[in-house]
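Take a look at the structure below.
In this note's numbering, the protein residues as written are 2 to 252.
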């Protein structure tokens with residue numbers, strides 16, 4: 002019989018963290034049956050010292066080769082009433098981690114488990130910011146995965162125009178993360194979903210830059226078409242006095 006105090010010893014916490022991150026579902030089942038605390042956070046002096054819970058570690062494990070086991074562990078921990086909104090030392094919740102990984106099933110599970118869809122990380126980025134930024138990079142998952150994640154988040158009520166500490170919305174974050182000359186057809190589905198959800202097209206960030214201006218600078222013609230169709234002002238000036246047209250003229 003495994004004997005665990007409700008507070009848990011360092012060894013027990015370390016074992017549960019390792020079992021969760023490595024996808025050892027049978028071990029997690031045994032620990033939960035022994036009434037291990039599911040919400041204990043790793044302390045600074047321990048092997049897992051980032052303040053993560055077993056649930057956060059299990060979600061992180063979804064990117065590795067033992068991801069099938071980790072998916073089962075996520076299910077077990079949620080069934081064991083693991084708190085879904087605990088933040089680790091980096092300011093991330095399990096949902097923020099799942100979104101970054103582009104793991105649609107985990108995102109759905111966590112949302113169904115009551116995860117807050119309006120949560121922000123320490124940079125002030127919402128779950129939609131994180132999904133949009135990773136969609137551009139297409140890492141570590143494919144654009145199809147991130148499109149599914151964005152769809153799920155919007156369906157759960159994520160605010161499409163919430164801004165980060167730079168004054169950028171999720172759509173603006175996507176454009177910022179894109180690179181010059183990148184084929185914007187690759188992330189067109191994400192853009193369309195954000196616009197369909199009512200994303201503002203004339204938001205100006207704290208630098209005074211609009212999405213149309215930035216899209217023009219980067220040569221995103223498809224994106225420019227969608228912004229203009231959505232009513233973006235073509236002559237809005239940045240704080241430096243530039244417009245989308247002037248951004249293309251180098252004297």
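Even for Gly, the Cβ is constructed at its ideal location relative to N, Cα and C.
A quick note: this is a predicted structure, and the numbers were derived from the prediction, not measured.
In chain order, each alpha helix (DSSP H) run of at least 4 residues that lies wholly inside the region 92-160:
Counting only runs that start and end inside the region 92-160, the alpha helix (DSSP H) elements of at least 4 residues fall at 95-102, 105-113, 128-138, 144-156.
With DSSP collapsed to three states, give me the class of residue 257.
Only positions 2 to 252 of the chain appear in this structure, which leaves residue 257 out of reach.
Rounding to the nearest angstrom, what Cα-Cα distance links residue 61 and residue 93 in this structure?
Rounded to the nearest angstrom, the two C-alpha atoms are 11 Å apart.
Rank 51, 126, 107 by C-alpha distance to the C-alpha of residue 75 and give the top, closest one.
Comparing Cα positions, the closest option is 107.
Measure the CB-CB distance between residue 173 and residue 225 and report whether it falls below 8 Å.
Against a cut-off of 8 Å, the Cβ pair of residue 225 and residue 173 comes out as no contact.
Taking only three categories from DSSP, how would you classify residue 239?
Secondary structure at residue 239: coil, using DSSP grouped into helix, strand and coil.
By the 10 Å Cβ neighbour count, where 16 or more other Cβ atoms means buried, how is residue 236 classified, buried or exposed?
Burial call: exposed.
Helix, strand or coil for residue 211 per DSSP?
Taken through DSSP and simplified to helix, strand or coil, residue 211 comes out as strand.
Nearest to residue 170 (by Cα), restricted to the options 156, 149, 210
Closest option to residue 170, Cα to Cα, is 210.
Compare the beta carbon distance of residue 72 and residue 63 with 8 Å and say whether it is the shorter of the two.
The answer is yes: Cβ separation under 8 Å.
Unbroken alpha helix (DSSP H) run spanning residue 193, endpoints:
Where residue 193 is concerned, the enclosing alpha helix (DSSP H) starts and stops at 189-197.
May I ask you to list the residues that DSSP assigns as paired with residue 205?
Per DSSP, 211.
Skipping 5 residues on each side, what residues in its chain have a beta carbon closer than 8 Å to that of residue 232?
The residues are 202, 203.
In whole angstroms, what is the alpha-carbon distance linking residue 240 and residue 207?
The alpha-carbon of residue 240 is positioned some 9 Å away from that of residue 207.
Could you tell me whether any non-hydrogen atom of the ligand HEM is closer than 7 Å to the CB of residue 220?
Because no ligand of any kind appears in the structure shown, any question about the ligand HEM cannot be addressed here.
Proximity to residue 149 [Cα-Cα], best of 100, 221, 88:
For residue 149, the nearest C-alpha among the options comes from 100.
Assign residue 56 to buried or exposed, taking buried as 16 or more other Cβ atoms, counted over all protein chains shown, within 10 Å of its Cβ.
Around the Cβ of residue 56, a 10 Å sphere holds 16 or more other Cβ atoms; the residue is buried.
Are the region 161-168 and the region 122-137 touching by the rule of at least three beta carbon pairs closer than 8 Å?
In the pairwise beta carbon analysis, the region 161-168 is classified as touching the region 122-137: at least three pairs are separated by under 8 Å.
Can you give me the C-alpha to C-alpha distance between residue 248 and residue 97, rounded to a whole angstrom?
Take the alpha-carbon of residue 248 and the one of residue 97: they are about 35 Å apart.
Enumerate in chain order the residues of its own chain whose CB-to-CB distance from residue 238 is below 7 Å, with the five nearest sequence positions on each side excluded.
The residues are 244.
Assign residue 88 to buried or exposed, taking buried as 16 or more other Cβ atoms, counted over all protein chains shown, within 10 Å of its Cβ.
So residue 88 counts as buried.
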